[in-house]
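Visitor: Sending over a structure as C-alpha cells; questions will come in a sec.
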Amino acid sequence: MRIVVMAPFDKEFFGTGRLDLAPRNLFDLVGKLDALAPGFAAIAQPRVHFAVDGVLETDWTRPLAEAAEVIVLPRVGGG
Amino acid sequence: MNAPEQMKQFRHIGTRPIRPDGVDKVTGKALYSPDFKAPGMLWGAILRSPHPHARILSIDTKKAEALPGVKAVATGKDLPTLESLVMHVGEGASDIVDISHNCLALGKALYEGHAVAAVAATSPEIAREALGLIAVEYEELPFVLGLEEALAEGAPVLHDTVFTKGVDPKPDKPSNAAMRVEMGKGDVEGALASAAATVSGRYTLEPVHQGYIEPHACVASWNGDGQAQIWTSSQGHFAVRSLTASVLAIPQADIRVTPLEIGGGFGGKTTIYLEPVAMVLSKKSGRPVRLAMTREEVFRATGPAPGAVIDVRLGADADGALVAADVQFLYHSGAFTANDAGAGVSSAIGHYRIANTRVVGTEVLCNRPAAKAYRAPGAPQVNFAVESAMDELAGKLGIDPLDLRLKNAAAEGDPQTSGLPWGRIGYVECLEAAKAHPHWSAPLGAHQGRGVAGGYWGNYGGPSTVNVSVAEDGTITVATGSPDIGGSRASMAIMAAEVLDVPYEQVRAVVADTASIGVSMVTGGSRTTFATGMATVQAAEEVKRLLCERAARMWGVPADQVEWRSGAVACLAGEAQGQTLSAAAIAGRSFHSGGPIAAVAALSAQGWLPGFGVHICDTEVDPETGHVRIVRYTAVQDVGTAIHPDYVEGQIQGGAAQGIGWALNEAYIYGENGKLDNAGFLDYRMPVASDLPMIEAVMVEVPNPAHPYGVKGVGEVPIVPPLAAVANAIHAATGARLKDLPMAPDRVYAALHPQG
Amino acid sequence: MSKIRVSTTVNGDHAEFLCESTSSLLDVLRDTMGLTGSKEGCGSGDCGACTIMLDGEMVCSCLVLAPEAEGRTVATIEGVAEGSVLHPVQQKFLEHAALQCGFCTPGFIVAAKALLDRNPNPTEAEVRYWLAGNLCRCTGYDKIVRAVMAAAADLRQERTPA
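Chains as they are written, first to last, in my numbering: chain A, 1 to 79; chain B, 1 to 756; chain C, 1 to 162.
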C-alpha cells in the first residue's frame with residue numbers, strides 16, 4: 001500500500017515522503033510508522049491527519065483496502 | 001441568496017428565532033468568568049516578568065507570605081515536573097511542558113509579562129500589595145523580537161531543547177526555527193521563467209490580538225481529597241479539564257469544570273493560562289481562589305496571532321491562467337512552539353488551480369507572548385500576500401480581478417496544496433455572486449477605490465457529545481459540551497426542533513459541565529454547528545425512534561405500525577388506528593413503558609468541508625492625512641446551509657470587522673527595550689462603530705452533503721479575505737500598493753508622498 | 001485605613017456601602033452589591049462595557065471613584081427593564097441578534113438607551129458616533145446599529161398619541 005508522507009513529517013521522522021507498508025487499519029499504520037521512527041505514535045493524534053484515497057479519515061479502525069493510498073499530513077488547527 | 005430548493009423543505013432551519021440565552025444577556029443577568037464568586041473565595045494576583053528575556057536566579061516569597069491576609073504564594077516550582085508530551089490544544093498541538101511553563105515560568109522568563117509567581121489573599125488590594133513583596137532576582141539576557149533577527153547567526157536562542165522540526169538531517173544545534181513545513185509540486189522556477197506575466201513582493205504583518213472584551217478569569221477550588229472544581233469561561237471546558245489535569249498530573253475526573261458564559265474568544269480561549277495556578281493556590285490555602293487578568297495582562301501575556309514576513313511570486317500565462325506560485329513565509333511563534341505555519345501552508349494558494357507550486361512556512365521563536373489561535377489561525381497573513389499579488393497580477397494582465405480569480409478558482413475535485421482533492425466547495429459560486437452583486441458595479445466617488453479578495457479556511461469536525469432528553473411534559477432539553485460563543489444554543493434547538501417537528505420553544509439547549517456530558521472538543525475551528533449539530537441531530541433522531549417505539553408498545557402494535565407525524569406518533573393499524581400520541585403523552589407515562597426517554601450521541605464528526613469567501617471593499621483615502629475610510633463592504637460566503645441566518649451573518653460581519661482592524665489599525669508595538677508599548681484598548685486601536693459602515697453579508701448556500709442539514713463551518717473564513725480586500729481597495733483609490741500592515745495613516749501618507 | 005461609608009441610590013433603591021477611597025464604582029457595583037451586569041473589559045474607560053448612568057449622565061463606572069456616588073443617582077443595566085418587561089432597546093437587541101457573546105451588551109444597551117432618551121430620531125451616523133465609546137469584537141456593529149435604529153422607531157411610535 002502506498003503511504004505518502006507530507007511535510008513536516010517526511011523529514012521530521014522518515015527521511016522520505018514515500019513508504020510502502022501493508023497496515024490493516026490506521027491504528028496499525030501508526031504502529032508501523034512508529035516502529036520505523038520511534039516517537040511518531042506519540043504525536044500522531046495531536047498533529048497528524050490521515051487521508052485515505054483522498055478523503056480525510058478520523059476513524060482509525062476502518063479496514064484499509066490493499067489498493068488504498070494513505071496520505072499523512074499535518075492537522076490544521078482552528079480558532 | 002438562499003437556494004430555493006433548500007428553503008422549502010425545512011420548518012425551522014433558516015428561521016431566525018430569539019436565542020434562548022438572550023434575555024439573560026440583555027438584562028445583565030448572564031454570568032461570565034469574572035462575575036463568578038465562590039463562598040470563602042480568595043483573590044489571586046500574578047507577578048509578571050518586567051524583562052523580555054531573563055534567567056530567574058531566585059524568587060524570595062517570605063515577605064509576601066508574611067503579609068497579613070496572604071494565604072498562599074506559588075511559583076513555577078509548585079507545578080510538577082512533566083515529561084514532554086504533545087497534546088491537543090484547541091485544534092492545534094502543544095507540548096504540555098510548554099503549557100505548564102507558560103502558566104508559571106520555570107528557569108527563564110521568555111517575554112515581558114511572563115508569569116513568574118502568584119499570590120492568593122483575602123482581598124484584591126492585599127494580593128496586589130503582596131506581589132510587590134516578592135523579590136525576584138533576574139539575570140537579564142539578550143532578547144529577540146523580529147523574525148529574521150531571530151533566525152540570524154548569533155541570535156539569542158530561547159530554548160536549548162528546540163531543534164528545527166521538518167528538516168532532514170536533524171540540525172545538530174538548537175535554534176529559534178521551531179518548525180519548517182514545505183509543500184509543492186512541479187517546476188516552479190521553470191514555470192516562472194517562461195510565464196507571460198509575473199509579480200513578486202515581500203509582505204509584512206505585526207502580531208495582533210484576538211481582542212475579546214472579556215479578560216481571562218477563573219475560580220478554582222481544590223480539596224484535600226484531590227477533587228476540584230473550576231468555574232471559568234473558555235472555548236472548551238473539556239480542554240480546560242484535560243490541560244489542567246495534565247499540567248498538575250492529576251486524574252481528569254477529579255476536576256469538574258463548569259462553563260460560564262464566554263465573552264468572546266476567537267481562538268484565544270482554546271488554551272489555559274490561569275487554571276493550574278489558581279488550583280495550586282487553592283490547594284495551598286484550602287480555599288477557592290479567583291484569578292483574573294487585567295486588560296494589560298491580556299495584551300502582555302495571552303496569545304496574539306503571529307506576525308509574518310511573506311515572500312510571494314506568482315506567474316500566469318497571457319490569458320491569465322496561473323502557472324506558478326512560490327510562497328515562503330516566517331511566522332512568529334512567540335515564546336513557545338505554535339501551530340500556525342502548517343495552517344499557513346495549507347491556506348496559501350489552495351483556492352487556485354496552479355500546476356507548479358512551492359509553499360514553505362517556518363515557525364520562529366522569539367521573546368513575545370506565545371502565539372495562539374486567532375480565527376482561521378495562520379490563514380489571513382499568507383492570504384493577504386497572495387491576494388494582494390493576485391490583484392497586482394490582474395493589473396499587469398489587464399484582466400478584471402474577479403475574472404482572474406474565476407479563471408483560476410478551484411472547484412470540487414481540484415487538488416489542494418496537500419494534493420487531496422477538494423470536496424463540494426463553493427468558491428466559484430462566491431465569485432459569481434460577488435460579480436453579480438450591485439456593489440461590484442456601483443459608481444465610486446473621488447479618492448475612492450474598490451478592492452476584492454477571496455479566501456478560505458479548512459474548518460473541522462471532531463468529537464462532540466450531546467444528550468437529548470424528554471421531560472415528563474414532552475418538552476425537550478438538548479445538553480451539549482460545546483460552549484456557546486455566538487448563538488449555538490439557538491442553532492442546536494433549531495436542529496432538534498427540525499428533527500422532532502416541534503415548536504422551537506419546546507426545545508431548550510444548554511451547555512453542560514464536564515461532569516454532566518461526555519467529552520466534546522473546543523468551540524473552535526468553525527466546528528460546533530457542524531459537529532455538535534450532527535450529534536444533536538443524531539440524538540434527536542434516536543429520541544424520535546424511542547418515542548415511536550414506546551407509543552407502539554403502549555398501543556400494543558408492532559413498531560413498524562406507527563409513524564412520526566407533526567411532532568407526535570400516529571398509529572397506522574389495529575384498534576388505535578388513526579390515534580396519535582404526543583411527546584407529552586408518551587413521556588408523561590414513560591415510567592411505565594420502560595423508563596425515561598433520552599439519548600446520547602457521542603461521535604467524531606467526519607465530512608466537514610472548508611468555507612470560501614469573497615469580500616468587496618470600497619475605501620476612501622484622504623490624500624492629506626493618509627486616513628482610510630471604509631465606505632462600503634460586502635462579504636460573500638458559502639455557508640453550506642444557514643441554520644440561524646442572523647448568527648451566520650453575525651459571524652461574517654464580525655470576522656470582516658476584525659480583518660478590517662487588522663488591515664488598518666491593529667498591531668503589537670514594541671519599544672527598543674523589548675516591552676509592549678500599547679497594552680491597552682486606547683493604543684491598541686480596534687474598530688469602533690464609527691469606523692465602519694454596514695457590512696453586507698451575502699450567504700451563498702452550497703450544502704455539505706455529509707451533514708444532515710448541509711452545514712459548513714462559517715466562523716473563521718470571514719477574517720481571511722479582508723486584509724487584501726482593503727489593501728487592494730487602497731491601491732485602486734491611490735495607485736499605491738501597501739505591503740506592510742497595518743495600513744495606518746502614517747504609512748498610507750508616506751506611500752502617497754514618497755518624497756516625504 | 002478605615003473604609004468610607006457611601007449613601008446613594010441604585011436603580012431607584014436607596015443603597016449604602018463601605019468602600020476603600022481608591023475603589024472604583026464598578027468594583028463596588030460588581031463585588032460589593034453583586035450587580036455584575038456592568039462588565040470590566042479594560043478598567044481604563046476605553047471599552048464602555050461598564051457604562052452606567054450617574055445623575056442622568058453616561059459614564060464609564062470604572063473611571064468613577066466609588067465615594068463619588070455619595071448622594072447621587074446610579075442606574076445600571078439591571079434597572080433598564082421594568083420588571084420582566086424589556087426596554088425596547090433590549091427587545092430589539094434580541095430580535096436583531098445584536099449580540100453574539102453578549103459581554104459588551106449591557107454597556108451598549110445603557111449607552112443606546114441614553115442616546116434615545118435625548119435623541120429619539122438619530123441618524124445612523126449619530127448612532128455610530130454615540131456608540132463609538134463601546135467596543136464590540138463579535139458583531140462588526142452592523143446588527144447593533146440596526147437594533148438601536150429599530151428601537152428608536154419603536155419608541156417614537158409609542159410616544160406618538162394614537
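We put the CB at the ideal spot given by N, CA and C, even for glycine.
#1: Looking at B/Pro377 and A/Gly15, is the spacing between their C-beta atoms short of 8 Å?
#2: Return the chain-ordered ranges of every beta strand (DSSP E) run that is complete within the region 90–136 of chain B and spans a minimum of 3 residues.
#3: Do three or more CB pairs link the region 234–248 of chain B to the region 39–54 of chain B at distances below 8 Å?
#4: Residues of the region 688–703 of chain B in Cβ contact with chain C at a cutoff of 9 Å, in chain order, please.
#5: Indicate whether at least one CB of chain B lies closer than 8 Å to the CB of A/Arg47.
#6: Cβ closer than 8 Å: which chain B residues qualify as neighbours of A/Leu73?
#7: Going straight from the alpha carbon of B/Val144 to that of B/Ala308, what length do you get?
#8: So with Cβ pairs under 8 Å, would you call C/Phe103 a contact of chain B?
#9: Using 10 angstroms around the beta-carbon of B/Thr258, count the other beta-carbons present and answer buried if the total reaches 16, otherwise exposed.
#10: Give every residue of the same chain whose Cβ lies closer than 7 Å to the Cβ of B/Leu131, excluding the five residues on either side of it in the sequence, and list them in chain order.
#11: Beta-carbon of A/Val70 versus every beta-carbon of chain B: anything under 8 Å?
#12: Does C/Pro67 come within less than 8 Å of chain B when only Cβ atoms are used?
#13: Evaluate B/Ala253 with the Cβ neighbour count: other Cβ atoms within 10 Å of its Cβ, from every protein chain shown; 16 or more gives buried, anything less gives exposed.
#14: Taking just the CA atoms, how far does A/Phe9 sit from B/Glu696?
#15: Name, please, each residue of chain B whose Cβ falls closer than 7 Å to the Cβ of A/Val82.
#16: CB-CB under 6 Å to B/Ser520, same chain, minus the five flanking residues each way: which ones, in chain order?
#17: Using beta carbons (cut-off 8 Å, strictly below), is B/Asp326 in contact with chain A?
#18: Do the CB positions of A/Pro46 and B/His88 come within less than 8 Å of each other?
#19: Give me the Cβ distance between B/Val208 and B/Pro304, rounded to the nearest whole Å; I'm assuming they're in contact under 8 Å.
#20: Could you name the residues of chain B that A/Ala41 contacts, counting a contact when the two beta carbons are closer than 8 Å?
#21: Of the residues B/Ala727, B/Gly486, B/Ala724, B/Ala605, which one's Cα is nearest the Cα of B/Gly267?
#22: Nearest chain C C-beta to B/Arg295 closer than 8 Å, yes or no?
#23: Just to make sure I have the definition right: I need the residues of chain A whose C-beta is within less than 7 Å of the C-beta of B/Met87. Which are they?
#24: In the DSSP assignment, what are the bridge partners of C/Asp13?
#25: For the beta strand (DSSP E) holding B/Leu79, just list the boundary residues, first then last.
#26: Using CA atoms only, rank isn't needed, just tell me which of C/Ala147, C/Tyr141, C/Ala151, C/Glu158 is closest to B/Leu692.
#27: With 8 Å as the threshold, decide whether the Cβ of B/Gly154 is near any Cβ in chain C.
#28: Let me check one thing: in DSSP terms, what residues is A/Ile71 bridge-paired to?
#29: Short of 9 Å Cβ to Cβ, which residues in the region 14–34 of chain B face chain C?
#30: If I follow the unbroken alpha helix (DSSP H) through B/Val382, where does it start and stop?
#31: If distances are taken between C-alpha atoms only, which option among B/Arg55, B/Ala66, B/Ala355 comes closest to B/Val157?
#32: Looking at C/Lys143: is its Cβ nearer than 8 Å to the Cβ of C/Ala98?
#33: So with CB distances below 8 Å, who are the chain C contacts of B/Phe681?
#34: Using 8 Å as the threshold, is the region 325–334 of chain B in touch with the region 348–364 of chain B, meaning 3 or more CB pairs across them?
#35: Give me whichever residues DSSP pairs with B/Trp43 in a beta bridge.
#36: Taking 8 Å as the CB-CB cut-off, is A/Met6 touching chain B?
Guide: So, to answer that:
#1: On the first sequence, position 15 is the one that residue 15 of chain A refers to. On the second sequence, position 377 is the one that residue 377 of chain B refers to. No, the Cβ-Cβ distance between A/Gly15 and B/Pro377 is not below 8 Å.
#2: 92–95, 115–121
#3: no
#4: Taken in chain order, the members of the region 688–703 of chain B whose beta-carbon sits within less than 9 Å of a beta-carbon on chain C are Val688, Ala689, Ser690, Asp691, Leu692, Pro693, Met694, Ile695, Glu696, Ala697.
#5: The residue you call residue 47 of chain A lines up with position 47 of the first sequence. Yes, A/Arg47 lies at the interface with chain B (some Cβ there is under 8 Å from its Cβ).
#6: Counting from 1 along the first sequence, the entry for residue 73 of chain A is found at position 73. Ser418, Leu420, listed in chain order.
#7: Numbered from its first residue, the second sequence carries residue 144 of chain B at position 144. Numbered from its first residue, the second sequence carries residue 308 of chain B at position 308. So the alpha carbons of these two residues sit roughly 15 Å apart.
#8: In the third sequence, the residue the question calls residue 103 of chain C occupies position 103. It does: the Cβ of C/Phe103 has a partner Cβ on chain B nearer than 8 Å.
#9: By 1-based counting over the second sequence, the position of residue 258 of chain B is 258. B/Thr258 is buried by the Cβ-count criterion.
#10: By 1-based counting over the second sequence, the position of residue 131 of chain B is 131. Same-chain partners within the cutoff: Ala45, Leu47, Val119.
#11: Your numbering for residue 70 of chain A matches position 70 in the first sequence. No, because no Cβ of chain B sits closer than 8 Å to the Cβ of A/Val70.
#12: If you number the third sequence from 1, residue 67 of chain C lands on position 67. No - not a single Cβ of chain B is within 8 Å of the one on C/Pro67.
#13: As a working mapping, residue 253 of chain B is identified with position 253 in the second sequence. With fewer than 16 Cβ atoms within 10 Å of its Cβ, B/Ala253 is classed as exposed.
#14: In the second sequence, counting from the first residue as 1, residue 696 of chain B sits at position 696. In the first sequence, counting from the first residue as 1, residue 9 of chain A sits at position 9. Going by the C-alpha atoms only, they are around 42 Å apart.
#15: There is no way to answer for residue 82 of chain A, as the model of chain A reaches only from 1 to 79.
#16: Working through the second sequence from its first residue, we reach residue 520 of chain B at position 520. Same-chain partners within the cutoff: Phe238, Ser464, Thr465, Gly481, Ser482.
#17: In the second sequence, counting from the first residue as 1, residue 326 of chain B sits at position 326. Answer no: the Cβ-Cβ gap between B/Asp326 and chain A never drops below 8 Å.
#18: Reading the first sequence from its first residue, position 46 is the one you call residue 46 of chain A. Reading the second sequence from its first residue, position 88 is the one you call residue 88 of chain B. Yes; because the gap between Cβ atoms is below 8 Å, this pair is in contact.
#19: As a working note, residue 208 of chain B is residue 208 in the second sequence. As a working note, residue 304 of chain B is residue 304 in the second sequence. B/Val208 to B/Pro304, Cβ: 6 Å. Contact.
#20: In the first sequence, counting from the first residue as 1, residue 41 of chain A sits at position 41. Those do not exist, as A/Ala41 stays about 11 Å from chain B at its closest Cβ, beyond 8 Å.
#21: Counting from 1 along the second sequence, the entry for residue 267 of chain B is found at position 267. Of B/Ala727, B/Gly486, B/Ala724, B/Ala605, the residue nearest in Cα terms is B/Gly486.
#22: Against the second sequence, residue 295 of chain B aligns to sequence position 295. It does: the Cβ of B/Arg295 has a partner Cβ on chain C nearer than 8 Å.
#23: Here the question's residue 87 of chain B lines up with position 87 in the second sequence. In chain order: Pro46.
#24: The count along the third sequence starts at 1 and reaches residue 13 of chain C at position 13. For C/Asp13, which the question treats as bridged, DSSP gives the partners C/Val10.
#25: Indexing the second sequence from 1 puts residue 79 of chain B at position 79. It is not in any beta strand (DSSP E) - B/Leu79 carries neither H nor E in the DSSP assignment.
#26: What you label residue 692 of chain B is simply residue 692 of the second sequence in a count that begins at 1. For B/Leu692, the closest C-alpha among the options C/Ala147, C/Tyr141, C/Ala151, C/Glu158 is that of C/Tyr141.
#27: Residue mapping note: residue 154 of chain B aligns to position 154 of the second sequence, counting from 1. It does not: the Cβ of B/Gly154 has no partner Cβ on chain C nearer than 8 Å.
#28: Within the first sequence, numbered from 1, the residue matching residue 71 of chain A stands at position 71. A/Ile71 pairs with A/Val4, A/Ala51.
#29: Arg16, Ile18, Arg19, Asp21, Gly22, Val23, Asp24, Lys25, Val26, Thr27, Gly28, Lys29, Ala30, Leu31, Tyr32, Pro34
#30: Translated into positions along the second sequence, residue 382 of chain B becomes position 382. Where B/Val382 is concerned, the enclosing alpha helix (DSSP H) stretches over 379–397.
#31: Walking along the second sequence from the start, residue 157 of chain B turns up at place 157. The residue with the shortest Cα to Cα distance from B/Val157 is B/Arg55.
#32: As a position in the third sequence, residue 143 of chain C is number 143, starting the count at 1. As a position in the third sequence, residue 98 of chain C is number 98, starting the count at 1. The answer is yes: Cβ separation under 8 Å.
#33: Counted from its first residue, the second sequence places residue 681 of chain B at position 681. Within 8 Å Cβ-Cβ: Gly41, Cys42, Ser44, Asp46, Cys47, Leu135.
#34: Two segments are said to touch when three or more pairs of C-beta atoms, one from each, lie closer than 8 Å; by this definition the region 325–334 of chain B touches the region 348–364 of chain B.
#35: On the second sequence, position 43 is the one that residue 43 of chain B refers to. B/Trp43 pairs with B/Ala121, B/Arg290.
#36: Stepping through the first sequence from its first residue, residue 6 of chain A is reached at position 6. Judged by the 8 Å Cβ criterion, A/Met6 is in contact with chain B.
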